[in-house]
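Each protein sequence line maps, in turn, to chains Z and C.
Start counting the first sequence at 582; every next residue gets the next number (the working numbering).
Start counting the second sequence at 582; every next residue gets the next number (the working numbering).
2 protein chains.
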Amino acid sequence: MDAAEFRKRGKEMVDYVADYLEKIEKRQVFPDVEPGYLRTLIPDCAPQDPESFEDVFKDIEKIIMPGVTHWHSPYFFAYFPSASSFPALLADMLCGGIGCVGFSWAASPACTELETVMLDWLGKMIKLPEEFLAGKDGQGGGVIQGSASEATLVALLAARTKTIRRVQSEKPELTEADIMGMLVAYASDQAHSSVERAALISGVKMKSVSSDDTFAVCGSALKKVLDEDKASGLIPFFFCATLGTTPCCSFDKLLELGPICNKENIWMHIDAAYAGSAFICPEFRHLLNGVEFADSFNFNPHKWLLVNFDCSAMWVKKRSDLIGAFKLEPLYLQHHHQESGLVTDYRHWQIPLGRRFRSLKLWFVLRMYGVTGLQEHIRKHVRLSHQFEQLVLQDERFELCAEVVLGLVCFRLKGSNELNKALLKSINDAKKIHLVPCHLREKFVLRFAICSRTVESTHVKFAWQHISQLATELLKTWEQKHQQQ
Amino acid sequence: MDAAEFRKRGKEMVDYVADYLEKIEKRQVFPDVEPGYLRTLIPDCAPQDPESFEDVFKDIEKIIMPGVTHWHSPYFFAYFPSASSFPALLADMLCGGIGCVGFSWAASPACTELETVMLDWLGKMIKLPEEFLAGKDGQGGGVIQGSASEATLVALLAARTKTIRRVQSEKPELTEADIMGMLVAYASDQAHSSVERAALISGVKMKSVSSDDTFAVCGSALKKVLDEDKASGLIPFFFCATLGTTPCCSFDKLLELGPICNKENIWMHIDAAYAGSAFICPEFRHLLNGVEFADSFNFNPHKWLLVNFDCSAMWVKKRSDLIGAFKLEPLYLQHHHQESGLVTDYRHWQIPLGRRFRSLKLWFVLRMYGVTGLQEHIRKHVRLSHQFEQLVLQDERFELCAEVVLGLVCFRLKGSNELNKALLKSINDAKKIHLVPCHLREKFVLRFAICSRTVESTHVKFAWQHISQLATELLKTWEQKHQQQ
Ligand SMILES: Cc1ncc(COP(=O)(O)O)c(C=O)c1O
Ligand SMILES: Cc1ncc(COP(=O)(O)O)c(C=O)c1O
């Protein structure tokens, strides 16, 4: 395929994508296929000779689409949103075309520099304290990670290295392995599984801190485990606070937790993967109060800020902490400017070496929506979740399971977990909408997350009527079954 | 921006990308900018109100392009190639449009299943032993990682967990921290820095094994350090063999190393990040002999197989080893089919949680090039490197520094490291071509890597004439300086 054919086919693909997104509502949100469906539809091995674009293109509808879960359907209310917008798609085309691999400044100065500046823009939009910004010569700064999981891991590794160095200087008789065995990281019992995974990867203990009735960790809960662990000779070194937990979007109490972490020499990382985008609205910014105590902070524009996956924004107060955690300098990656202190080599900030020109997506989205456009997007989602909340509240058969703060509603039928599992099953089997559940303590709960960019009040109303009707049907048979038993 | 405007702008972007790639030769391969250039060109913060696409679009040439290192210029001979092709760009547009996040089977069955089948296709293309393939019900299988760095880390983590479990069952008196402190991983002194980094991240010791005169690790070198380390109570658990080392593309001796690793219960991972693509050609497949001894294997289609970044292909013989290393199952990520044994949840195979629909790129590229088209691409690059090799050999002032096996030529002026540093500086300052150096033992060496998809014999000839002329100029002043001293 040469450039001329790419011009033709690229335009066809633009139309295909536009059609797909424009008419996504007509597709069944969750696919009908059974595991293994795809293998039976395609050859056993790659073709020897080239096939035409037409051949490949027609297989998209035949082979791929039947197995796609349509994350951008306005009937998709599962997990958390995955962002998608036209400006981001355009930027990604450009990113692919340029195709640079920006692991160091020299490998593509624009790729590095735009990222630094975009993270400053974004940091200012959520009013991060100045210390987190790179500015012209700050000690902090931002980086785009592929995922919140990586951001947490990178923060934990930086904290681990920093703590090992400190303890070794205080107690030179201890080996690195001794210290590793004494380190403990903490996070809420509501924290995302990626936090526990980060501890597993880096080979340190992780303990969960009990959240309170509102599913938030408060200062006293952290203090209690810290005191116990210190008394038994352990070294607390890392606490991951969550703003907007995955199960029910609760908020750990930063203002209580931060001072404790600072006093105890514990690195505080904040994971606001989903909720962080909301902080661009003044009315939600208070949820971030206490960030000034943190060492690092992360949220995912690829969740709720209309920047297509992957784009997870992370900031640190001291970039030297990150770089110090695993800086290695083989000659083939060195370049002229690197010791000048002026340049950033992002490969020291992340797990992979290679990196795409992802800041283009941020640049396009921030400029083409403007702050006000993005605020509107957030506010619409929050409005819709409150609409759903009202519908739940008006139906006596149902109960809300957590405060609705942003775009997520946790609800269930008053009744057993089995009943609610049956309700979820009937919802997802009908495939008119798609939801996923969570556990809140011992309760099995349904999560209704406002996800799509194009979801409107009518879709939310439809979803509720549908759920309510399935509940009616379910309760009828459920009571019969129950009476028979 | 609505779908209608996206249709318009998307097509403009397709043309822009086509123009960029068609005329890339005319752009200076390495930019003129100084660190900090970009910040002065753009506002301090994001705009409140939306800007038009035109505004953003015209800034691409004004702000971005002046700072881009043009990786796809036929005058780019630095690092290793970063793949780019039109079919891959088309597939990435589709990937963005679908915008699913395929962390589990249910999150998008097509995304997971196409990946498994594509990795089988690719595995067959390089004649991987059957055990590495998923097939219909194999124990092995492949996964797309974002980078070779992540593949190595994932392999090392799997090996770490497996070894800790084994040692704990043999010696229950040892704690996990005790065992962690005794573990040692190994790799060649020529291995990529990402291998050492993987060890740093996972908190285990890493030792380098001396390579021989051909920069390859042979069996006796590994055996020697293993014996020493075992004698001093350490537990060797992981060896990363490199096929196609970054400095000079040397090949560790798998057929000697494999049996040693197998006998000693050491996980052997093979990093063939660059060279792996060549194994699709029968004449290079012998370089992979011995892979049958490995536990995991990785190469980067995003380097040399025309699949745009990121697409790093990894296979394991026992997928349960990977999954066992860090499987966590919160309810919101569970789904109906997951215990059936039929489905793959790729989030257990990788560091991040989220993942794009990257297998589309492989599918488009493998089908639209066909195996023969990809073989031609590899063979052209190898032919061009041998052309360059001949030019070096014909000039008595220069010496070759390592055998030319694939697309990389390591060469230098006969003379001091300072002389060669000066030569490289004059080459990169002229900015007609772009190279990076490496160290081979105490020697400073220039690496000439055939990179671009569109590079031809004329570009190689031009590059050589240019280098040769700069060398002539340099040697003149160098001798004068030398005489004066
Ligand atoms: C609070 C929280 N943290 C982390 C993650 C993981 O995000 P990623 O896929 O970017 O790793 C999620 C995903 O939903 C989340 O809700
Ligand atoms: C042998 C080898 N391993 C690993 C890597 C790192 O690759 P990635 O950017 O995919 O992590 C490279 C990059 O050049 C390499 O040559």
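All C-beta atoms, glycine included, are put in the ideal place defined by N, C-alpha and C.
Measure how close the beta-carbons of residue i and residue j come, nearest whole angstrom, since I'm counting them as under 8 Å.
i: F880/Z; j: A853/Z; result: 4 Å
i: Y767/C; j: V806/C; result: 7 Å
i: G800/Z; j: E837/Z; result: 3 Å
i: G648/C; j: P612/C; result: 5 Å
i: R978/C; j: K1024/C; result: Incorrect: roughly 16 Å between the Cβ atoms, too far for contact.
i: L671/Z; j: F945/Z; result: 6 Å
i: S769/Z; j: S789/Z; result: 7 Å
i: C676/Z; j: S689/Z; result: About 11 Å separates the two Cβ atoms, so there is no contact after all.
i: F860/Z; j: S663/Z; result: Not confirmed; about 19 Å, so no contact.
i: F638/Z; j: A1044/Z; result: Incorrect: roughly 33 Å between the Cβ atoms, too far for contact.
i: A802/Z; j: D793/Z; result: 7 Å
Please find out if some non-hydrogen atom of ligand 1 comes closer than 7 Å to the beta-carbon of residue i.
i: F661/Z; result: yes
i: N881/Z; result: yes
i: Y825/Z; result: Sequence inspection shows Gly at residue 825/Z; the Tyr mentioned does not correspond to that position. Result yes, Cβ under 7 Å from ligand 1.
i: S893/Z; result: yes
Residues of chain Z with CB under 8 Å from residue i, in chain order?
i: E731/C; result: I932 and P933
At a CB-CB cut-off below 7 Å, which residues of chain Z make contact with residue i?
i: D596/C; result: R588
i: A758/C; result: A758, M761 and G762
i: G784/C; result: M761, S783 and G784
i: V637/C; result: F945, R948 and M949
i: L738/C; result: I782
Looking at residue i and ligand 2, is the gap between the Cβ and the nearest heavy atom below 7 Å?
i: S769/Z; result: no
i: G935/Z; result: yes
i: R656/Z; result: In the sequence on display, residue 656/Z carries Tyr and not Arg. No.
i: A729/C; result: yes
i: A854/C; result: yes
i: H773/C; result: yes
Run through chain C and tell me which residues come within less than 7 Å of residue i, C-beta to C-beta.
i: I679/Z; result: V649
i: W848/Z; result: None at all; the shortest Cβ gap to chain C is about 16 Å.
i: K592/Z; result: K592 and V595
i: W702/Z; result: C626 and A627
i: L947/Z; result: A627
i: D891/Z; result: G935 and R937
i: D770/Z; result: Ordered by position in chain C, no residue passes the 7 Å Cβ test against D770/Z, which lies about 11 Å from the chain.
DSSP beta-bridge partners for residue i?
i: D852/C; result: T823/C and N879/C
i: Q993/Z; result: Residue 993/Z is actually Arg in this sequence, not Gln. Partner(s): E980/Z.
i: Y737/C; result: Reading off the sequence, residue 737/C comes out as Leu, not Tyr. Answer by DSSP bridge pairing: none, since L737/C is not bridged.
i: P1018/Z; result: L1027/Z
i: A1069/Z; result: Lying outside 582 to 1066, the shown extent of chain Z, residue 1069/Z is not represented and no answer is given.
i: V748/Z; result: Answer is none; V748/Z lacks a bridge partner.
i: W896/Z; result: G723/Z and F878/Z
i: V595/C; result: In DSSP, V595/C forms no bridge with anything.
i: Y767/Z; result: K788/Z and F820/Z
Check the Cβ of residue i against every Cβ in chain C and list those closer than 8 Å, keeping chain order.
i: I641/Z; result: L675
i: E603/Z; result: A584
Please list, in chain order, the chain Z residues whose beta carbon lies closer than 9 Å to that of residue i.
i: M895/C; result: Within 9 Å Cβ-Cβ: nothing; M895/C doesn't reach chain Z, min ~13 Å.
i: L695/C; result: L619, I623, I644, I645 and G648
i: V614/C; result: P690, A691 and E694
List, in chain order, every chain C residue whose beta-carbon is nearer than 9 Å to that of residue i.
i: W652/Z; result: I679, G680, C681, V682, A688 and S689
i: K705/Z; result: D625, C626 and A627
| request: May I have a chain-ordered list of the beta strand (DSSP E) segments no shorter than 3 residues that lie completely inside the region 681–732 of chain Z? | output: 722–726
| said: Could you tell me which whole alpha helix (DSSP H) segments of length 4 or greater appear in the region 778–853 of chain C? | reply: 800–812 and 835–844
| message | Please give the ranges of any beta strand (DSSP E) in the region 617–666 of chain Z, keeping only runs that are unbroken, at least 3 residues long and fully inside the region. | response | none
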